[in-house]
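Undergrad:
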Amino acid sequence: MRPSGLVSEVPRLDATDHLCWVYDDDASFDQAVERFLSGGLARGERLLCVGDEVVDRMRGDAAPIPGVPALVASGALDMLTVADAYQAAGEFTPERQFEFYEKRTRQAIDDGYTGLRVVAELSALAADTGRRAELVRWEHVADGFMASGSGMTAMCAYRGDLPADALADVASVHPLVRAPDGTPSFRVFFDEDRVVVAGDVDTFGADRLAALLASSPVGPERAVLDLGPVEFVDVAAARVLARWARALQARSVAVEIRGASPLFGRMWRVLGLGDLVPVTFGQRAG
Numbered sequence: 000m001r002p003s004g005l006v007s008e009v010p011r012l013d014a015t016d017h018l019c020w021v022y023d024d025d026a027s028f029d030q031a032v033e034r035f036l037s038g039g040l041a042r043g044e045r046l047l048c049v050g051d052e053v054v055d056r057m058r059g060d061a062a063p064i065p066g067v068p069a070l071v072a073s074g075a076l077d078m079l080t081v082a083d084a085y086q087a088a089g090e091f092t093p094e095r096q097f098e099f100y101e102k103r104t105r106q107a108i109d110d111g112y113t114g115l116r117v118v119a120e121l122s123a124l125a126a127d128t129g130r131r132a133e134l135v136r137w138e139h140v141a142d143g144f145m146a147s148g149s150g151m152t153a154m155c156a157y158r159g160d161l162p163a164d165a166l167a168d169v170a171s172v173h174p175l176v177r178a179p180d181g182t183p184s185f186r187v188f189f190d191e192d193r194v195v196v197a198g199d200v201d202t203f204g205a206d207r208l209a210a211l212l213a214s215s216p217v218g219p220e221r222a223v224l225d226l227g228p229v230e231f232v233d234v235a236a237a238r239v240l241a242r243w244a245r246a247l248q249a250r251s252v253a254v255e256i257r258g259a260s261p262l263f264g265r266m267w268r269v270l271g272l273g274d275l276v277p278v279t280f281g282q283r284a285g
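Following numbering that gives the first Met the number 0, the residues of the sequence shown are numbered contiguously, the last one being 285.
1. Would you kindly work out how many angstroms separate the C-alpha atoms of tryptophan 243 and alanine 209, rounded to a whole number?
2. Within 10 Å of its beta-carbon, does valine 172 have 16 or more other beta-carbons around it, so buried, or fewer, so exposed?
3. For glycine 159, collect the residues of the same chain with a Cβ closer than 7 Å to its Cβ; drop the 5 residues on either side in sequence, then sort them by chain order.
4. Given this structure, state the Cα-to-Cα distance separating arginine 250 from proline 219, to the nearest angstrom.
5. Compare the Cα-Cα distances from alanine 253 to each of Leu262, Pro261, Phe280, Met266 and report the closest residue.
6. Work out the CA separation of valine 195 and valine 117 for me, nearest whole Å.
7. With distances taken between CB atoms, is the gap from alanine 241 to leucine 272 smaller than 8 Å?
8. Are at least three pairs of beta-carbons, each pair with one atom in the region 112-126 and one in the region 42-57, less than 8 Å apart?
9. Between glycine 38 and leucine 46, is the Cβ-Cβ spacing less than 8 Å?
10. State the start and end residues of the unbroken beta strand (DSSP E) segment that holds aspartate 17.
11. Is threonine 279 helix, strand or coil by DSSP?
12. First and last residue of the alpha helix (DSSP H) that includes arginine 238?
13. Please name the residue in Leu5, Ala88, His139 whose C-alpha comes closest to that of valine 176.
14. Could you pull out every residue in the same chain whose Cβ sits closer than 8 Å to the Cβ of arginine 34, ignoring the five residues on either side in sequence?
15. Drop a sphere of 10 angstroms on the beta-carbon of threonine 92, count the other beta-carbons inside from all chains shown, and report buried for 16 or more, exposed for fewer.
16. Does phenylalanine 91 come out as helix, strand or coil in the three-state DSSP assignment?
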């Protein structure tokens with residue numbers, strides 16, 4: 000099982016981890032970047048910093064880690080502003096971003112590094128309501144890429160003064176989150192062959208859950224949804240899950256739900272969802 004949950008400090012991350020770090024000020028941001036990048040150097044990973052804020056600080060007199068010029072000269076560290084990243088990857092879409100980071104990760108491994116460690120400060124994209132949906136979809140696709148054992152690990156940083164809905168959107172697609180209390184109420188991420196939902200899912204988050212599930216890559220024949228880490232799910236959320244399963248079944252994709260509580264199993268039956276959407280319940284369903 001991938002590490003997941005709410006954290007108060009940057010944990011020791013392995014090659015499949017994906018952390019959302021909501022920061023309060025420059026000092027706390029620098030501390031998080033130092034711990035994250037130092038961990039990558041210790042693991043023999045190539046470092047990549049993306050975003051105007053983090054690049055400015057890495058190039059400043061008080062960079063979060065020592066020896067930045069030497070790291071850049073050796074190829075152990077690369078830095079891209081948002082404009083540079085767009086120029087390198089093309090128009091911002093999840094598909095183009097995937098191609099860009101897959102190539103960067105493969106190149107790092109081919110060059111003898113153990114993987115690619117990325118810190119990306121993307122507050123400007125999260126604040127842009129016209130681009131936020133694509134950003135969230137990319138974060139979700141990226142999580143699947145990291146969970147697959149690609150060799151890429153990432154810390155995605157966002158300012159704490161962003162609107163609450165923006166923070167909830169971006170944080171909800173990370174297994175590991177440092178964010179204000181109550182943000183997000185639930186998370187959707189990947190672990191091996193399954194989509195995992197964790198936290199509390201209710202009417203207020205039903206639309207967000209529907210959007211995330213719709214963008215979740217699944218196998219061509221079978222999808223597994225793990226509700227083991229869910230603490231609460233209401234009727235609206237159950238109906239979202241049923242609609243997602245029905246859409247997959249229309250594509251001849253079988254759906255298995257694992258880890259559902261006995262209460263969820265009873266609610267599924269009482270609502271008649273099992274008659275509309277025949278799914279397989281794994282361990283713990285009642």
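Idealized CB from N, CA, C, for every residue including glycine.
TA: The structure says:
1. As a first step, residue 243 must be located in the sequence shown, where it is residue number 244. As a first step, residue 209 must be located in the sequence shown, where it is residue number 210. Between tryptophan 243 and alanine 209, the C-alpha separation is close to 7 Å.
2. The count along the sequence shown starts at 1 and reaches residue 172 at position 173. Label assigned to valine 172: buried.
3. Mapped onto the sequence shown, residue 159 falls at position 160. So the list reads Val21, Tyr22, Asp23, Pro179, once near-sequence residues are dropped.
4. To locate residue 250, count along the sequence shown from 1; it is residue 251. To locate residue 219, count along the sequence shown from 1; it is residue 220. Using only the alpha carbons, I get a separation of about 9 Å.
5. Start at 1 with the first residue of the sequence shown, and residue 253 comes out as number 254. Minimum Cα distance to alanine 253 is reached at Phe280.
6. For the purposes of this step, residue 117 is taken as residue 118 along the sequence shown, with counting starting at 1. For the purposes of this step, residue 195 is taken as residue 196 along the sequence shown, with counting starting at 1. So the alpha carbons of these two residues sit roughly 23 Å apart.
7. In the sequence shown, the residue the question calls residue 241 occupies position 242. In the sequence shown, the residue the question calls residue 272 occupies position 273. For alanine 241 and leucine 272, yes; Cβs fall inside 8 Å.
8. With a cut-off of 8 Å, the region 42-57 and the region 112-126 count as touching, because enough Cβ pairs lie within range.
9. Numbered from 1 along the sequence shown, position 39 holds the residue referred to as residue 38. Numbered from 1 along the sequence shown, position 47 holds the residue referred to as residue 46. No, these two residues do not count as a Cβ contact at 8 Å.
10. As a working note, residue 17 is residue 18 in the sequence shown. Checking the displayed sequence, the identity of residue 17 turns out to be histidine instead of aspartate. That run of the beta strand (DSSP E) goes 17-22.
11. By 1-based counting over the sequence shown, the position of residue 279 is 280. Of the three classes helix, strand and coil, the one that applies to threonine 279 here is strand, per DSSP.
12. Looking up residue 238 in the sequence shown gives position 239. Arginine 238 -> alpha helix (DSSP H) spans 234-248.
13. On the sequence shown, position 177 is the one that residue 176 refers to. Selected option, being the one with the closest Cα: Leu5.
14. As a working mapping, residue 34 is identified with position 35 in the sequence shown. So the qualifying residues of the chain are Glu8, Val9.
15. What you label residue 92 is simply residue 93 of the sequence shown in a count that begins at 1. Threonine 92 comes out exposed.
16. Your numbering for residue 91 matches position 92 in the sequence shown. Three-state DSSP puts phenylalanine 91 in coil, outside helix and strand.
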